[in-house]
Amino acid sequence: MNSAQTINPQEAGTRMIEKNAVLEDGSGYRMELHEILLGPINLKWGSYYNPCEKVLSFHPDKTTVISHFRMSHSSPTLNETRQGISDNQFVIYQEVPKPYNLYLAPTKEETCSFFEAGMSEALFRLLFNGESDFLSRFSHHTPVHTPSLDFTASILPKMHAIIQDMRHTSYRGHLKDLYLESKTIELFLLQIAQLDRRESTPQVKLRKHDIAGLHEIKRYIELNFDEPMSIAELSRKAGINQMKLKTGFKQLFNTTVFGYLHFIRMQEARRLLTEEDMHVNEVAFRIGYKHPHHFTVAFKKHFNVTPIQLRK
4 MNSAQTINPQ
14 EAGTRMIEKN
24 AVLEDGSGYR
34 MELHEILLGP
44 INLKWGSYYN
54 PCEKVLSFHP
64 DKTTVISHFR
74 MSHSSPTLNE
84 TRQGISDNQF
94 VIYQEVPKPY
104 NLYLAPTKEE
114 TCSFFEAGMS
124 EALFRLLFNG
134 ESDFLSRFSH
144 HTPVHTPSLD
154 FTASILPKMH
164 AIIQDMRHTS
174 YRGHLKDLYL
184 ESKTIELFLL
194 QIAQLDRRES
204 TPQVKLRKHD
214 IAGLHEIKRY
224 IELNFDEPMS
234 IAELSRKAGI
244 NQMKLKTGFK
254 QLFNTTVFGY
264 LHFIRMQEAR
274 RLLTEEDMHV
284 NEVAFRIGYK
294 HPHHFTVAFK
304 KHFNVTPIQL
314 RK
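Mind the numbering: the sequence shown is residues 4 to 315 in my numbering, read in order.
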């Protein structure tokens, strides 16, 4: 396998090391990685294309607690027992100094993306709190390189936002160190709360047809966020009743239908303001708001900054 790697010079006043790497071979497999090493924390953004099933071999040199986020449109990542997680889910597992294999299923025509946050065993122990059911169970779990359904849950919209903010922060030097450390811990705390909440929330029985329909609605919202929507209309599109749409969507994605619609609109609004340099009124109409004032209020509540302040 060939690999090309560049390491950015360390900035003054920081202990952070950033790496960019490309891994590829003759089969057509290609993975692009951006990695940040920050003392006990290791952050990794990656995307890969894989035309056929591939086996990756690893031999860690230390114990690390890994939070793996499957971000977008991908086939499952499979391990030795052929278990896996779905799109828009995360899993927490412990990687120990022991060789293991990771199986990548074919991605067909898609490029898959993921994010990983690794923390040292020492840092994990500092964060350990017996008041969390998840942490108590995880600390007594036998370390295996297998995504366990007990430690898997859906990625919340706020988690997506944190991961995006970490990747594109404007902080430099020591401030960037502090920012990334605090955001990593914030993200982990959200995961803890999510896994604890999952244990205490009654689950609705969802059949394969229901799950497929709910994923279809999620995708529909992502593509048509600027259009008016109603539960009745979405229910017909999904082929399930309105009650199951509302309860099933919340159970599967840990947000309401309209909560997710709002999140998608706000993310697109931020992109239009920062990348396209569009005016506030234009952005409001583009994402489906009839009145710019209502958009400004919603944006301020979501990001704690007004659209005009963000553009500046």
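Glycine residues also receive a C-beta, built at the ideal position from the N, C-alpha and C atoms.
Around the Cβ of residue i, are there at least 16 other Cβ atoms within 10 angstroms (buried) or fewer (exposed)?
i: I20; result: exposed
i: D180; result: buried
i: T67; result: buried
i: V260; result: buried
i: L264; result: buried
i: K221; result: buried
How is residue i classed by DSSP in three states: helix, strand or coil?
i: L59; result: strand
i: K293; result: coil
i: S77; result: Legend: pLDDT at S77 = 41, less than 50; position of this residue unreliable, value from coordinates given subsequently. The answer is coil: DSSP assigns S77 none of H, G, I, E or B.
i: E83; result: In this predicted model, E83 has a pLDDT of only 33, less than 50, meaning its place in the structure is not dependable; the value taken from the coordinates is given anyway. Coil.
i: L130; result: helix
i: K173; result: Before going on, a small fix: residue 173 reads as Ser here, not Lys. S173 falls in the coil class under three-state DSSP.
i: P139; result: It is worth fixing the name first, because residue 139 is Ser in this sequence and not Pro. Looking at S139 - three-state DSSP - the assignment turns out to be helix.
i: K161; result: helix
i: T299; result: helix
i: K65; result: coil
Kindly indicate which residue of the options has the alpha-carbon position closest to the one of residue i.
i: Y106; options: L129, E225, E124, S60; result: S60
i: R314; options: Q167, D280, R18, L192; result: D280
i: L36; options: F117, I188, F288; result: F117
i: F266; options: D229, F154, I311; result: D229
i: I243; options: R210, Y182, S139, L130; result: R210
i: Y96; options: F141, W48, L130; result: F141
i: P100; options: E124, K303, G29; result: E124
i: S30; options: Y51, L192, L41; result: Y51
i: S70; options: P63, G121, G42; result: G121
i: I347; options: F137, E119, A287; result: Residue 347 is absent from the structure shown; the chain starts at 4 and stops at 315.
For this session: Check whether the segment 210-220 touches the segment 55-71, taking contact to mean three or more Cβ pairs, one atom from each stretch, closer than 8 Å.
Result: no
Exercise. Three or more beta-carbon pairs under 8 Å between the segment 100-115 and the segment 171-179, yes or no?
Worked result: no
Problem set entry | Length-filtered (4 minimum) alpha helix (DSSP H) runs lying within the segment 252-295 | 260-277, 283-289
Problem set entry | Residue ranges of each alpha helix (DSSP H) within the segment 178-252, 4 or longer | 211-226, 234-241
Problem set entry | contact_flag[the segment 155-168, the segment 255-273] where n(CB pairs < 8 Å) is 3 or more | At 8 Å Cβ cutoff, the stretches touch.
For this session: Entirely within the segment 92-126 and at least 3 residues each: give me those beta strand (DSSP E) ranges in chain order.
Result: 92-98, 103-107, 115-123
Exercise. Is it true that the segment 166-173 meets the segment 126-138, where meeting means three or more beta-carbon pairs spaced less than 8 Å apart?
Worked result: no
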